[in-house]
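Colleague: In terms of the numbering used here, the sequence shown opens at residue 761 and continues consecutively.
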Amino acid sequence: MAFSVYVTRPIPEVGIRILQRSCGAVDVGPADRAQTAEELIAAIRNRDGVLCNVADAIGAEVLEAVAGKCKVFANFGVGVNHIDLAAAERLGIVVTNTPGVLTDATADLTWALMLAAARRLSEGVTLVSSGQWSGWTPTQLLGHDVTGRTLGIVGAGRIGTAVGLRSAGFHMPILYVERRQRDELDRMGGRRVELDDCLAGSHFVTLHVPLTPETHHLIGERELGLMRPDAILINTSRGEVVDERALARALREKRIAAAGLDVFENEPHPLPELLALPNVLCLPHLGSATVATRDRMAEISATDLLRVLNGDAPLHRVAG
Ligand code: DGY
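#1: Relative to the C-alpha of A815, which residue among A991, L881, H1029, L1035 is closest?
#2: Considering only heavy atoms of ligand 1 and the C-beta of each residue, which residues fall inside 5 Å, strictly closer?
#3: Taking DSSP's pairing of strands, which residues face A1079 in a bridge?
#4: Using three-state DSSP, classify S894 as helix, strand or coil.
#5: From the DSSP output, in three-state form, read off G924 for me.
#6: Considering only the beta carbon of each residue, do M874 and F964 sit closer than 8 Å?
#7: Given a cut-off of 8 Å on the beta-carbon distance, is the pair A1058 and V774 in contact?
#8: Please classify Q900 as buried or exposed, where buried requires at least 16 neighbouring CB atoms within 10 angstroms.
#9: Which residue or residues does DSSP assign as beta-bridge partners of V810?
#10: Does the pairing of the stretch 801-810 with the stretch 1061-1069 give three or more beta-carbon distances under 8 Å?
#11: Would A831 be called buried (16 or more neighbouring beta carbons within 10 Å of its own) or exposed?
#12: Grab me the residues of L845's own chain with a C-beta within less than 8 Å of its C-beta, minus the 5 sequence neighbours each way, in chain order.
#13: Going straight from the alpha carbon of V840 to that of T910, what length do you get?
#14: Starting from T910, follow the alpha helix (DSSP H) in both directions and report where the run begins and ends.
#15: At 3 residues or longer, what runs of the beta strand (DSSP E) sit wholly inside the stretch 1013-1062?
#16: In the DSSP assignment, what are the bridge partners of I934?
#17: Below 8 Å on the Cβ atoms is my guess for L984 versus L1007; work out the distance and round it to an integer in Å.
#18: Near S890, what residues of its chain come up, given a Cβ to Cβ distance below 6 Å and the 5 sequence neighbours on each side ignored?
#19: With which residues is T966 paired in a DSSP beta bridge?
#20: Taking the beta carbon of H1045 as the centre, do at least 16 other beta carbons fall within 10 Å, making it buried, or is it exposed?
#21: Ligand 2 and G775: does any heavy atom of the ligand fall closer than 7 Å to the residue's C-beta?
#22: For A872, which residues does DSSP report across the bridge?
#23: Could you check what DSSP says for A878 in three-state terms: helix, strand or coil?
#24: What would DSSP say about D787, mapped onto helix, strand or coil?
#25: Closest to Q941 by CA distance: which of P933, H931, E981, V953 is it?
#26: Going by Cα to Cα distance, which pick from T1050, H1076, A1049 is closest to D1062?
#27: What three-state label does DSSP hand V888 in the structure shown?
#28: Name the two residues that bound the continuous alpha helix (DSSP H) containing A960.
#29: Around the C-beta of D943, are 16 or more other C-beta atoms found within 10 angstroms, so that it is buried, or is it exposed?
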């Protein structure tokens, strides 16, 4: 009951209530920005646990400064590339995450981006809302078909597979890149292929790999060069998986048709060259942003934080 915990940013109330039921002190960081390492260390020092999120940079210096007292960093989110897991392991600090609960929301948003990028929705919205629309014409804002086109899934884990399953109604052949066969996709006629074949053979390439040293700039100049000129690239994983400068060049030179991006290399500052292009649709990292999903993420991260403090095994341990 005497536990003192820190939540780095406001989260849905349900998570705060869970923490308040079992902790003496629950303090919440600022809503409007991520904190610097110095600010985090000052706020976390002397805390038993921290509920952090994917916008916090939890490097070795933060973990080292709070080790000893702080037992757990419960991450509100599934991706943990922003936490130095090796340092957490070394220091015996448990790290948890929230896998599974955001699969459907993120797969839905991936489809929203695929459809919107293919059918040029952001250009259409701008045309109407700017008052520039002069009426229907046979050649206005012609986009690309979705039905029957090939869907390439790079990373067929939970979210990639969920994206593939949603394609059934669109009658799309599926190519996927994954270390092992995915029965759910194979049953739909999906074919596991190498990355280069997926890039060359797909009309839509959607990225669902975690960010690791191996996947950093997985999609760069060479890979973009393999894609079809009418291909559309979708990224709802992590910005750093794509070399944004190479992508901006490929889009500008129309070497690929369009991109739908929910994540960026330097959030919240997408490359200005990308923002200036009409054939790229950018969203502010909304993959898991539904009321129900964020409530579940708050519940799971708060519950796991308390489990660790109470000496129980967390449900979703990723380190420590
Ligand atoms: C995650 O969980 O990793 C997403 O990027 C945010 O929900």
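Glycine included, each C-beta is placed from N, C-alpha and C at the ideal position.
Modeller: On the basis of the coordinates in this document:
#1: Minimum Cα distance to A815 is reached at H1029.
#2: Listed by position along the chain, the residues with Cβ atoms less than 5 Å from a non-hydrogen atom of ligand 1 are V814, G837, V838, G839, S1048.
#3: Paired residues: V855.
#4: Under the three-state reduction of DSSP, S894 is assigned to coil, being neither helix nor strand.
#5: When DSSP states are grouped into helix, strand and coil, G924 belongs to the helix group.
#6: In contact: M874 and F964 (Cβ atoms closer than 8 Å).
#7: In this structure, A1058 lies near V774, with their beta-carbon atoms less than 8 Å apart.
#8: Burial call: exposed.
#9: Paired residue(s): Y766, F833.
#10: Contact holds: three or more Cβ-Cβ distances are below 8 Å.
#11: It is Lys, not Ala, that sits at residue 831 in the sequence shown. Buried, by the Cβ-count rule.
#12: V855, V1078, A1079, listed in sequence order.
#13: Between V840 and T910, the C-alpha separation is close to 31 Å.
#14: Counting along the chain, T910 falls outside any alpha helix (DSSP H), and DSSP gives it neither H nor E.
#15: Those beta strand (DSSP E) runs which fall completely within the stretch 1013-1062 and span 3+ residues are 1018-1021, 1040-1042.
#16: Beta-bridge partners of I934 (DSSP): L911.
#17: Contact annotation, L984 with L1007: C-beta distance approximately 6 Å; criterion of less than 8 Å satisfied.
#18: Result list for S890: empty, nothing under 6 Å.
#19: T966 pairs with I913, I994.
#20: Label assigned to H1045: buried.
#21: Judged by which ligands are present, ligand 2 is missing from the structure shown, whose ligands are ligand 1.
#22: Answer is none; A872 lacks a bridge partner.
#23: Of the three classes helix, strand and coil, the one that applies to A878 here is helix, per DSSP.
#24: Three-state DSSP puts D787 in a strand.
#25: When only C-alpha atoms are compared, the closest one is V953.
#26: In the sequence as presented, Asp is not what sits at residue 1062; that position holds Ala. Ranking the options by Cα distance to A1062, first place goes to H1076.
#27: Shown here, V888 sits in a helix according to DSSP, grouped into three states.
#28: 955-961 is the span of the alpha helix (DSSP H), which, as asked, contains A960.
#29: So D943 counts as exposed.
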